[in-house]
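Heads up: the structure comes next, in structure tokens.
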Amino acid sequence: MELLNVHNLNVNFQLKQGDLAALIDISFSLKKGERIAFVGESGAGKSILGFSIVNLISKPGYIKSGSIKLHDNELSHLSNRQMRHIRGKRIAMIFQDPMMTLNPVLTIGEQMVEAILSHTDLRKKEAKNLAIEKLVQVHIASPENRFDQYPHELSGGMRQRVIIAIALLLTPDIIIADEPTTALDVTIQAEILELLKQICDDNNVALILISHDLGVVSRVAERTIVMYAGRIVEQGPTLEIINDPQHPYTQGLLNALPQMSLPGQRLNQISGSMPSLLDRPSGCAFHERCPYAMDKCKQGLPEFLFNGVSHVACFMVEDMLEDLNNDADSTYFDNELDEDLDTSLEIQPQTRGSK
Ligand SMILES: Nc1ncnc2c1ncn2[C@@H]1O[C@H](COP(=O)(O)OP(=O)(O)O)[C@@H](O)[C@H]1O
Ligand code: SF4
Ligand SMILES: [Mg+2]
9 MELLNVHNLN VNFQLKQGDL AALIDISFSL KKGERIAFVG ESGAGKSILG
59 FSIVNLISKP GYIKSGSIKL HDNELSHLSN RQMRHIRGKR IAMIFQDPMM
109 TLNPVLTIGE QMVEAILSHT DLRKKEAKNL AIEKLVQVHI ASPENRFDQY
159 PHELSGGMRQ RVIIAIALLL TPDIIIADEP TTALDVTIQA EILELLKQIC
209 DDNNVALILI SHDLGVVSRV AERTIVMYAG RIVEQGPTLE IINDPQHPYT
259 QGLLNALPQM SLPGQRLNQI SGSMPSLLDR PSGCAFHERC PYAMDKCKQG
309 LPEFLFNGVS HVACFMVEDM LEDLNNDADS TYFDNELDED LDTSLEIQPQ
359 TRGSK
């Protein structure tokens with residue numbers, strides 16, 4: 009059974025200039041213990057999606073329509089008070105900046121114990137033991153000493169470990185991690201991603217990782233969902249998304265990774281930038297930047313089609329699938345879009361159980 013089911017979610021911002029559609033018809037599901045990722049450039053709607061799931065969209069934003077079900081319980085209609093039982097306990101959030109979660113005037117221990125006491129019947133001593141146990145789980149050395157320290161006394165990487173320990177305190181069903189390593193240097197980033205993956209695996213916690221970096225996503229997620237201008241444009245197994253991206257935007261994201269450039273070469277950034285959502289281009293929102301754009305891309309919206317491996321919303325892919333259907337001799341689906349891509353990336357997409 010699905011743990012989380014998001015169906016046709018639409019989130020708008022009511023602005024003076026007009027209604028801005030930040031999320032359009034977002035649908036996806038998540039199984040217990042599964043790790044998925046949302047990827048896309050800044051402004052794609054990734055954070056808004058994370059906030060929507062835990063009902064933290066604040067005015068002028070609002071959920072216009074759609075459904076968000078956790079174990080068959082509709083979350084989008086819950087009051088703030090009802091939602092407080094879900095947040096932290098069933099769904100925990102990790103942000104890029106640990107200080108969005110940590111209170112600078114309380115010790116690590118005080119914050120952890122407070123979080124436990126407010127959601128459980130444990131006594132203070134038991135709460136302290138649980139907090140220390142979680143600090144050990146995230147590989148914090150001398151956890152008893154760290155317990156009594158203030159956030160500013162810890163390094164950035166250490167603070168993010170503490171945040172993961174806090175997220176784990178009540179053994180949630182889902183952790184939503186929004187750009188959890190973006191502020192960290194590359195070595196620490198790799199350590200924290202590995203920790204997050206291992207912790208979720210060990211505790212059978214599902215993960216929704218949000219990142220602008222396909223490289224980061226490929227290390228952790230089993231399934232990847234690519235977003236552009238508030239819509240999902242491609243979703244499939246991470247291995248397929250990395251090795252055989254179908255949507256021109258996904259291909260652009262992959263090509264822009266430093267691993268895809270030779271040393272000293274400039275990065276192959278996608279030309280142009282994400283459009284303003286108040287002034288969304290007609291048709292496929294990517295058409296102004298897409299090297300394959302056709303006339304029909306400016307007019308209609310491509311359907312979200314399944315090619316046997318991934319789901320893709322692109323007219324070119326649609327045409328290829330149609331050709332394939334018309335060609336009785338074809339025995340396989342060969343994508344010509346990315347023939348120039350070197351797929352021998354030094355990225356190791358992770359599959360379930362691999363460490
Ligand atoms: N408080 C806000 N007021 C108006 N528009 C907003 C607000 N927050 C987000 N948006 C709109 O939603 C879009 C998606 O934002 P966000 O989810 O933060 O993007 P990202 O993919 O970078 O996390 C933004 O580009 C902006 O147009
Ligand atoms: S629908 Fe057209 S513009 Fe959009 S990604 Fe596909 S080919 Fe490019
Ligand atoms: Mg964001």
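Every number in my numbering is 8 more than the matching position in the sequence shown, counting from 1.
Each residue gets a CB set at the ideal place from its N, CA and C atoms; glycine is no exception.
Quick one: residues in its chain with C-beta nearer than 7 Å to the C-beta of residue i, no 5 flanking neighbours on either side, listed in chain order?
i: Glu354; result: For Glu354, the pLDDT reaches just 45, beneath the cut-off of 50, and the residue's location in the model is therefore unreliable, although a value from the coordinates is still provided. The residues are Gln267.
i: Gly308; result: Gly291
i: Asn211; result: Leu176, Thr179
i: Arg167; result: Pro106, Leu110, Pro159
Taking Cβ to Cβ, would you say residue i is nearer than 9 Å to residue j?
i: Leu143; j: Ile183; result: no
i: Asn251; j: Asn263; result: no
i: Ser37; j: Ser60; result: no
i: Ile102; j: Ala185; result: yes
i: Ile249; j: Phe312; result: no
i: Ile172; j: Val146; result: yes
i: Val170; j: Ile148; result: yes
i: Leu215; j: Val224; result: no
i: Leu11; j: His93; result: no
i: Val320; j: Glu242; result: yes
i: Ile200; j: Gln119; result: no
i: Thr246; j: Ser219; result: no
In the DSSP output, what is residue i paired with across the bridge?
i: Asn251; result: For Asn251, which the question treats as bridged, DSSP gives no partner whatsoever.
i: Asn63; result: For Asn63, which the question treats as bridged, DSSP gives no partner whatsoever.
i: Thr232; result: Ala45, Gly244
i: His147; result: Answer is none; His147 lacks a bridge partner.
i: Ala18; result: Inspection of the sequence shows that residue 18 is occupied by Asn rather than by Ala. Looking at the DSSP assignment, Asn18 forms a beta bridge with Ser73.
i: Asn13; result: Ser37, Lys77
i: Val320; result: Glu242, Leu313
Apart from the five residues just before and just after residue i, which ones in its own chain have a Cβ nearer than 6 Å to its Cβ?
i: Lys77; result: Asn13
i: Glu344; result: For Glu344, the pLDDT reaches just 47, beneath the cut-off of 50, and the residue's location in the model is therefore unreliable, although a value from the coordinates is still provided. Same-chain partners within the cutoff: there are none.
i: Leu114; result: none
i: Pro151; result: Ile140, Leu143, Val144
i: Gly260; result: Ile278
i: Gly41; result: Asn212, Ala214
Counting only the same chain and skipping the five closest in sequence on each side, list residues whose C-beta sits under 8 Å from that of residue i.
i: Glu7; result: The requested residue 7 does not occur in the structure, where the chain is confined to residues 9 to 363.
i: Cys298; result: Pro256, Tyr257, Cys292, Cys305
i: Leu23; result: Pro68, Leu286
i: Leu86; result: Asn63, Ile94
Exercise. Evaluate contact between the stretch 92 to 106 and the stretch 153 to 170, counting only Cβ atoms and requiring at least three cross-stretch pairs below 8 Å.
Key: Segment contact: the stretch 92 to 106 against the stretch 153 to 170, three or more CB-CB distances shorter than 8 Å; contact assigned.
Practice problem: Enumerate, from N- to C-terminal direction, the unbroken beta strand (DSSP E) stretches of 3 or more residues contained entirely within the stretch 151 to 192. | Solution: Within the stretch 151 to 192, the complete beta strand (DSSP E) runs of at least 3 residues are 182 to 186.
Exercise. Kindly provide the ranges of any alpha helix (DSSP H) runs that are 4 or more residues long and lie completely inside the stretch 91 to 140, ordered along the chain.
Key: Entirely contained in the stretch 91 to 140, the alpha helix (DSSP H) runs reaching 4 residues are, in chain order, 116 to 127.
Self-check item: Cβ contact (3+ pairs, closer than 8 Å) linking the stretch 190 to 207 and the stretch 236 to 248
Solution: These segments do not touch.
Practice problem: Tell me, please, whether the stretch 21 to 38 touches the stretch 53 to 67 by the rule of three or more beta-carbon pairs shorter than 8 Å. | Solution: Because the criterion of three Cβ pairs below 8 Å is met, the stretch 21 to 38 and the stretch 53 to 67 touch.
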